[in-house]
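Sequential numbering from 1 applies to the sequence shown in full-length UniProt numbering.
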Amino acid sequence: MSVKENGLKALTSSTPKNNVINGSLGNISNDHYNNISTINTAKDKTLLKNVETIDTKRKRPTDRAYFITKELLMTERTYRKDLEVINFWLRDVMSKEDDEMGQIESVNMLLNLIDPIYDAHSMFLKDVEMRLNNWDPPCIADILLRHFNNLELYDNYLDEHLNVLEKIDHTYRTNKKFEAFYKDFEVEKVCYLPLSSFVLKPLQRLLHYSHLLEKLIRHYGSSHIDYNNCLEARVKLLKVTKRLPSALRRSENFVQLCELERDMVGIDTLHVTGREFVRQGCLTKFSQRKGYQQRMFFLAS
Numbered sequence: 001m002s003v004k005e006n007g008l009k010a011l012t013s014s015t016p017k018n019n020v021i022n023g024s025l026g027n028i029s030n031d032h033y034n035n036i037s038t039i040n041t042a043k044d045k046t047l048l049k050n051v052e053t054i055d056t057k058r059k060r061p062t063d064r065a066y067f068i069t070k071e072l073l074m075t076e077r078t079y080r081k082d083l084e085v086i087n088f089w090l091r092d093v094m095s096k097e098d099d100e101m102g103q104i105e106s107v108n109m110l111l112n113l114i115d116p117i118y119d120a121h122s123m124f125l126k127d128v129e130m131r132l133n134n135w136d137p138p139c140i141a142d143i144l145l146r147h148f149n150n151l152e153l154y155d156n157y158l159d160e161h162l163n164v165l166e167k168i169d170h171t172y173r174t175n176k177k178f179e180a181f182y183k184d185f186e187v188e189k190v191c192y193l194p195l196s197s198f199v200l201k202p203l204q205r206l207l208h209y210s211h212l213l214e215k216l217i218r219h220y221g222s223s224h225i226d227y228n229n230c231l232e233a234r235v236k237l238l239k240v241t242k243r244l245p246s247a248l249r250r251s252e253n254f255v256q257l258c259e260l261e262r263d264m265v266g267i268d269t270l271h272v273t274g275r276e277f278v279r280q281g282c283l284t285k286f287s288q289r290k291g292y293q294q295r296m297f298f299l300a301s
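Below you can see the structure in the form of structure tokens.
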């Protein structure tokens, strides 16, 4: 009896009361609960991800006009930086050099032409950003049409820009202080192209607008709400761009000859009236002594 009691006591003492509840059966129950919780969490995450994907697709229009507008926005931001090279950076440096060089009439003419174009462009850029953020209504030609009310600024620029380029070049060749200033400005980080190239940017921008409108017209059907605005904007733009190719070709030719003359030693009269730059390229010259050597060639009329 004492042995059984002792055995029972031993068994009872070695087995806690809550062993049945929290023992192996309890562990299985907890593991099972944890597995179910993990599965539910995974399902919730998958469901949430699917909802987010659907929302993202809703927020990202698939209309081609949206992506054409996005292209416009990115290039407009680049165009603003191009204008700032003249309107901000050149203006700022010139104001600091006035005491030494005095007023440079040709540069002041350029600044007066660029400044209103920059202001108009800044307003246009803000409108494009707002439209692209909301995409409501889903069109862009109405904003372009409103922006084209400022085309007289570009029309005036088209008339005057070549005269400005010629005056700047004359000052460059006759004023040593301005020549030094011009060279120093072109090596600044902000001036990542020859300065004269930035003078041509507003005219080149008009060609981009024309190309963009043609893409929109091809994309839209005649029933689209933006179609008639595209046609009207194209008519407005054509009044300026119809004489743009020939004028831009003359200006680009003048700029190219000026840049070559400044870079090449011993040539002072490369850009003369009637001379046209034709082509440049690299040719390989062979000699017995030095082997193959590259040479740059420039062809002009």
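Note that CB positions come from ideal geometry on N, CA and C, so glycine has one too.
Under the three-state reduction of DSSP, tyrosine 227 is assigned to helix. Segment contact: the segment 202-213 against the segment 223-242, three or more CB-CB distances shorter than 8 Å; contact assigned.
When only Cα atoms are considered, tyrosine 227 and isoleucine 140 end up about 10 Å apart. Shown here, arginine 279 sits in a strand according to DSSP, grouped into three states. The DSSP-derived three-state label of methionine 296 is strand. Distance check between alanine 233 and each of Ser95, Asp142, Met109 and Leu283 places Asp142 closest, using alpha-carbon atoms only. In its chain, beyond the 5 residues on either side, Ser106, Met109, Leu110, Leu113 and Val199 have a beta carbon closer than 8 Å to the beta carbon of valine 164. According to DSSP, lysine 285 shares a beta bridge with Gln293.
The alpha helix (DSSP H) runs of length 4 or more contained entirely in the segment 172-218 are, from start to end of the chain, 176-186 and 195-199. Look at glutamine 256 here: in three-state DSSP terms it is helix. When only Cα atoms are considered, asparagine 150 and alanine 120 end up about 7 Å apart. Separation of the CB atoms of isoleucine 104 and tyrosine 154 is rounded to 24 Å, and the pair is thereby denied contact status at 8 Å. In the three-state reduction of the DSSP assignment, serine 222 falls in the coil class, being assigned neither a helical nor a strand state. Nearest C-alpha to valine 190 among Arg91, Cys282 and Asp115: Arg91.
With 16 or more other Cβ atoms from the protein chains shown falling within 10 Å of its own Cβ, methionine 94 counts as buried. Here leucine 283 is not near alanine 65, since their CB atoms are 9 Å or more apart. When DSSP states are grouped into helix, strand and coil, arginine 243 belongs to the coil group. Counting along the chain, the unbroken alpha helix (DSSP H) around aspartate 142 starts and ends at 141-147.
Scanning Arg295, Gly291, Glu261 and Leu162 for the CA closest to the CA of proline 202 turns up Leu162.
A buried status is given to tyrosine 220, since no fewer than 16 other beta-carbon atoms sit within 10 Å of its beta-carbon.
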